[in-house]
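So for the sequence shown, full-length UniProt numbering puts the first residue at 1; every next one is plus one. Don't be surprised by glycine CBs; every beta carbon is placed ideally from N, CA and C. Before any comments, here is the structure.
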Amino acid sequence: MATEQTQKLITVTPKAAEMILSFMKEEAEKPEYLRVYVQGGGCSGLSYGMGFETKPEEDDTIIEEAGVKLLVDSYSQEHLKGANIDYIESLMGSGFKINNPNVTKSCSCGHSFSTE
Numbered sequence: 001m002a003t004e005q006t007q008k009l010i011t012v013t014p015k016a017a018e019m020i021l022s023f024m025k026e027e028a029e030k031p032e033y034l035r036v037y038v039q040g041g042g043c044s045g046l047s048y049g050m051g052f053e054t055k056p057e058e059d060d061t062i063i064e065e066a067g068v069k070l071l072v073d074s075y076s077q078e079h080l081k082g083a084n085i086d087y088i089e090s091l092m093g094s095g096f097k098i099n100n101p102n103v104t105k106s107c108s109c110g111h112s113f114s115t116e
């Protein structure tokens, strides 16, 4: 288990941090971490996932950002380096948005992507 200190692996906007902490409080199991990961799938090859965790796994990097503790597994790190998590509210809907500088192609629905 490592703690990311030098270059930020992932950053979180204040609005996203506020919403993450609010959602965490609503969970019955009282999670301590938000896991952010990349998995295979979607029309462009990769997709994002997020979920709450009570403890880290052995290959996780722990990142404390804007009052939120994030977990990122070793596979996801290479695809998420420099990414930013934001929370968007609009007339079309609200939700988390990951702005990722590593994306080279994304699908038209915006839910899957590929990196080099």
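Around the beta carbon of T54, fewer than 16 other beta carbons lie within 10 angstroms, which makes this residue exposed. Ranking E32, L34, Y33, G49 by CA distance to the CA of G40 puts G49 first. Around the beta carbon of M92, fewer than 16 other beta carbons lie within 10 angstroms, which makes this residue exposed.
Counting only runs of at least 4 residues, the UniProt domain "Core" (10-110) fully encloses the following alpha helix (DSSP H) elements, listed from N- to C-terminal order: 14-26, 74-80. In this structure, the CA atom of A83 is about 6 Å from the CA atom of T11. In this structure, the CA atom of A66 is about 11 Å from the CA atom of I85.
In this structure, the alpha-carbon of V36 lies about 6 Å from that of V72. Residue environment analysis places A28 among the exposed positions, since fewer than 16 neighbouring C-beta atoms fall within 10 angstroms of its C-beta. Here the alpha carbons of L70 and N102 stand approximately 19 Å from one another.
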